[in-house]
Amino acid sequence: MTIENSPVNSFEEDLKRILDEEHKQQLNHRTKLLVSWIGLMAVLALLFSGLEVDLGFTQIKFISLNIDFIKDYAPFIAQGALQTILISLTSIVLAMVLAMLSALARISNSAPLVAVSTFYISLIRGTPLYLQVIFFFLALPQMGIFMSGFYAGVTALGLNYGAYMSEIFRAGILSVSKGQHEAATALGMNSRQKMAYIVMPQALRLAIPPMGNEYIAMLKDSSLVSVTGFVHEILWRAQKVGRQKFKNLEALIIAAIFYWILTLLFTALQNRLENRLGRGEGEIKQLSH
Amino acid sequence: MKKFYPLFAVLLVLSFGLAACGGGGEGEGDGTLLGEVKARGYLIVSTDPNYEPISYLDPDAERAAGTICPEDLLTYGEMVGFDVDVAKAVADELGLEVCFATPDWDLVTAGSWGDRWDISIGSMTPTLTRAEVVTFSTPYVYTPAHFAATADSGFTSLADLEGQTICLAAATTYLDWMNGTLTITEDAIFADPPGDFTIVELPTDQECAQAIAAGREEFSVYLTSETVIDSNIAGGLDVVKVGGAVFSENLSPATDKSSSFDIDTFVAEISSIVDGLHADGTLSALSIKYFEIDMTQDPTK
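In order, the protein sequence lines correspond to chains A and B.
With my numbering, you'll find the first sequence wraps up at 328, consecutive numbering, no jumps.
With my numbering, you'll find the second sequence wraps up at 557, consecutive numbering, no jumps.
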């Protein structure tokens, strides 16, 4: 389409041209992004290539890894991935329940409930996760509460992340505007209905995407549970074969790769979830155009 | 909304309660640890799979066929090595299957195991300090504690180590010996630590060796068991042994004093089993199999 053969463009043609241009730019951006990623990946691979480059005036030596060890032990370490995912999933569910409860308690009018919530958050955020894992594993049996290494880890991780995530829920609930509350009251809803049908659905839309972020952080923090020796997840396996075979660096790099792959997978899932939750917003915007 | 808070409180308590399920430490025997393990059918042994050939993981192994070990414990075969075979021999004598727990070393020496495992057969030296929290049975092997240094350090005798930085593992007898706080029988201590040293503490002995292998230069000397040095050298690390043995580690099975069961009969039974394994040559054979020498004779006798 050129100016000569259509001196006056119709509105539709203009719009189409602008949209095409935008689309092309987007594609262009994506290609550049992909190429840059591949470039960065190549640099990382070069770093671990073990190559020795003579530049004439100076020599550059890159980190060399024992490839045979990596080939032999990668499957053994990978077997820990299931444990890692399982412990993180169980913990995040517990953390969400605790976070929701403590957020509700925090915004309530009851002083004891606010106290329980703030005390819990303060205590848990004020002590190291490592210590909490050891506590649930070694201290509770004295009270007759006997949790397996897995559940001791889940409890510690769940309580810990629950305390941090509580603020996310609270922010979500508080973000629902006063008008929504008033409208619900005007419709004759009681406070339970208001919470269930009006406040929570809107609060969760805001709270869920950061949950994904917390889950991804937890995937890696779950490695702390290896200290008990009863949960044979990725890092536990890497440390044990690394020490016994005298190849800590290789073993930890294998573990790092698996953690990264898991993170990439769950980041992709998180993006889909975010898009899904954001769908309603998008439709509203389109309508208003 | 207000009237639902009690409900939330109940849910909170429930979620704690649910998390507490799993695992079972309930006794089913006669209140003694010996009765408990016999009723249970398997012996839970803690040993640290960080050391080849003493105790390590076989990555290709399947779980033992027909095992009754719980899911979160390792079976014989998944774990291999000298300590593992000793544990197997002990469990065989008790007529039990052997299962392995692998908690971090400092959790084992600290006692308060919370009934999570019955016994440590994991190269532990009996010291008076440890004896406050665990009870030891008869030693099953005597390994010499020894210094190792990088080959190009030029160190050959204990005197050369004066003023050096020495790497060792946390919560070990090596650390106690360096600090002069090792409480074992005096005739098992063969030398005094070199003067004016600095200590670097890492999680296990293997980290010391690996730091040297990786080219770290904070230290060129580490103190560990002679068997670990031998396996480091076999693994290609360019180190030499320095001086002679500095003390003897009389490695013994240990049982937690804070156990909720009565441990006396158990500890006595383990001692008599180890005596039997010494007498019938089982331990000597295992020592020769893994270390090529018989280290089952007490060097102080």
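Ideal placement from N, C-alpha and C gives every residue a C-beta, glycine not left out.
Neighbour flag for residue i against chain B, beta carbons, 8 Å
i	result
Gly188 (chain A)	yes
Lys279 (chain A)	yes
Asn67 (chain A)	no
Arg311 (chain A)	no
Asn287 (chain A)	yes
Arg282 (chain A)	yes
Val215 (chain A)	no
Ile267 (chain A)	One point to set straight first is that residue 267 (chain A) is Thr, not Ile, in the sequence displayed. Closer than 8 Å: yes.
Gln181 (chain A)	yes
Leu125 (chain A)	no
Ile57 (chain A)	no
Val153 (chain A)	no
Val82 (chain A)	no
Leu54 (chain A)	no
Val270 (chain A)	yes
Leu162 (chain A)	no
Phe115 (chain A)	yes
Residue range of the unbroken alpha helix (DSSP H) whose run includes residue i
i	result
His68 (chain A)	Phe50 to Leu86
Val354 (chain B)	It is not in any alpha helix (DSSP H) - Val354 (chain B) instead sits in the beta strand (DSSP E) that spans Glu353 to Ala357.
Met228 (chain A)	It is not in any alpha helix (DSSP H) - Met228 (chain A) carries neither H nor E in the DSSP assignment.
Gly188 (chain A)	Gly188 to Ser214
Phe547 (chain B)	Thr538 to Phe547
Ala387 (chain B)	Leu384 to Ala387
Tyr307 (chain B)	Looking at the DSSP string, Tyr307 (chain B) is not in any alpha helix (DSSP H), and its letter there is neither H nor E.
Ile468 (chain B)	Asp461 to Ala469
His534 (chain B)	Asp520 to Ala535
Glu376 (chain A)	This structure cannot settle anything about residue 376 (chain A), because the visible part of chain A is limited to 40 through 328.
Glu418 (chain B)	No alpha helix (DSSP H) holds Glu418 (chain B); DSSP gives it neither H nor E.
Val346 (chain B)	Phe338 to Leu350
Phe115 (chain A)	Ile106 to Ala117
Phe158 (chain A)	Ala150 to Arg164
Val390 (chain B)	Careful: Val390 (chain B) lies outside any alpha helix (DSSP H), inside the beta strand (DSSP E) at Val390 to Phe392.
Nearest residue (CA-CA) to residue i, options the options
i	options	result
Gly89 (chain A)	A:Thr97, A:Leu79, A:Phe96 and A:Phe101	A:Phe101
Gln278 (chain A)	B:Tyr298, B:Ala295, B:Leu313 and B:Gly297	B:Leu313
Phe108 (chain A)	A:Met80, A:Leu291, A:Trp299 and A:Phe305	A:Leu291
Thr421 (chain B)	B:Pro382, B:Ile468 and B:Ser527	B:Ile468
Ala357 (chain B)	B:Glu418, B:Trp369 and B:Phe411	B:Trp369
Asp328 (chain B)	B:Pro395, B:Val301 and B:Ser376	B:Val301
Ala113 (chain A)	A:Tyr169, A:Glu253, A:Met234 and A:Gly281	A:Gly281
Ile440 (chain B)	B:Leu384, B:Thr394, B:Asp550 and B:Gln462	B:Leu384
Thr365 (chain B)	B:Ala347, B:Lys344 and B:Glu388	B:Glu388
Asp512 (chain B)	B:Asp374, B:Arg472 and B:Asp362	B:Asp374
Asp520 (chain B)	B:Asp443, B:Val530, B:Ser393 and B:Thr437	B:Ser393
Gln462 (chain B)	B:Pro305, B:Gly287 and B:Gln553	B:Pro305
Phe115 (chain A)	A:Leu308, A:Arg311 and A:Phe297	A:Phe297
Ile131 (chain A)	A:Asn252, A:Thr306, A:Leu288 and A:Gly268	A:Asn252
Lys286 (chain A)	B:Asp371, B:Asp432 and B:Leu493	B:Leu493
Ile549 (chain B)	B:Gly410, B:Leu539 and B:Lys557	B:Leu539
Pro180 (chain A)	B:Ser514, B:Thr437, B:Ser311 and B:Leu330	B:Ser514
Arg276 (chain A)	B:Pro359, B:Glu442, B:Ser376 and B:Arg386	B:Pro359
CB contact check: residue i to chain A, cutoff 8 Å
i	result
Thr399 (chain B)	no
Ser368 (chain B)	yes
Tyr478 (chain B)	no
Leu313 (chain B)	yes
Phe547 (chain B)	no
Tyr307 (chain B)	yes
Asp328 (chain B)	yes
Boundaries of the beta strand (DSSP E) in which residue i is found, first to last residue
i	result
Ala235 (chain A)	First-last for Ala235 (chain A): undefined, no H or E at that position.
Thr123 (chain A)	Per DSSP, Thr123 (chain A) belongs to no beta strand (DSSP E); it is in the alpha helix (DSSP H), Ala120 to Arg145.
Asn506 (chain B)	Val495 to Asp512
Thr406 (chain B)	Val397 to Thr406
Leu458 (chain B)	Thr454 to Leu458
Gly378 (chain B)	Ile375 to Met380
Ser481 (chain B)	Val477 to Ser481
Ile440 (chain B)	Ile440 (chain B) -> no beta strand (DSSP E), and no H or E assigned at all.
Closer than 7 Å: residue i CB and nearest the ligand ATP heavy atom
i	result
Thr166 (chain A)	Inclusion of the ligand ATP in the displayed structure is not the case, the ligand content being empty and no account of it being possible.
Minimum Cβ-Cβ distance from residue i to chain D less than 8 Å
i	result
Tyr112 (chain A)	Although the question refers to chain D, the structure presented lacks it and instead comprises the protein chains A and B.
Indicate whether the contact test is met: 3 or more Cβ pairs, each with one atom in the segment 451 to 460 of chain B and one in the segment 413 to 428 of chain B, closer than 8 Å.
Touching, yes, given that three or more Cβ pairs across the two stretches are closer than 8 Å.
Do three or more CB pairs link the segment 259 to 272 of chain A to the segment 118 to 134 of chain A at distances below 8 Å?
Contact between the segment 259 to 272 of chain A and the segment 118 to 134 of chain A is present, because at least three Cβ pairs lie under 8 Å.
For the segment 389 to 404 of chain B and the segment 488 to 505 of chain B, state whether three or more C-beta atom pairs, one from each stretch, are separated by less than 8 Å.
Yes: at least three Cβ pairs fall under 8 Å.
With three or more beta-carbon pairs closer than 8 Å as the criterion, would you say the segment 141 to 149 of chain A touches the segment 206 to 218 of chain A?
yes
Decide if the segment 176 to 196 of chain A is in contact with the segment 252 to 267 of chain A; the criterion is three or more beta carbon pairs, one per stretch, under 8 Å apart.
Verdict: yes, contact present.
Between the segment 157 to 164 of chain A and the segment 193 to 202 of chain A, can you find at least three pairs of beta-carbon atoms closer than 8 Å?
Enough Cβ pairs lie closer than 8 Å, so yes.
Taking three-plus beta-carbon pairs below 8 Å as touching, is the segment 462 to 482 of chain B in contact with the segment 333 to 351 of chain B?
no
Does the count of Cβ pairs from the segment 443 to 453 of chain B and the segment 481 to 489 of chain B closer than 8 Å reach three?
As far as the Cβ criterion goes, the segment 443 to 453 of chain B does not touch the segment 481 to 489 of chain B, which means the pair count is below three.
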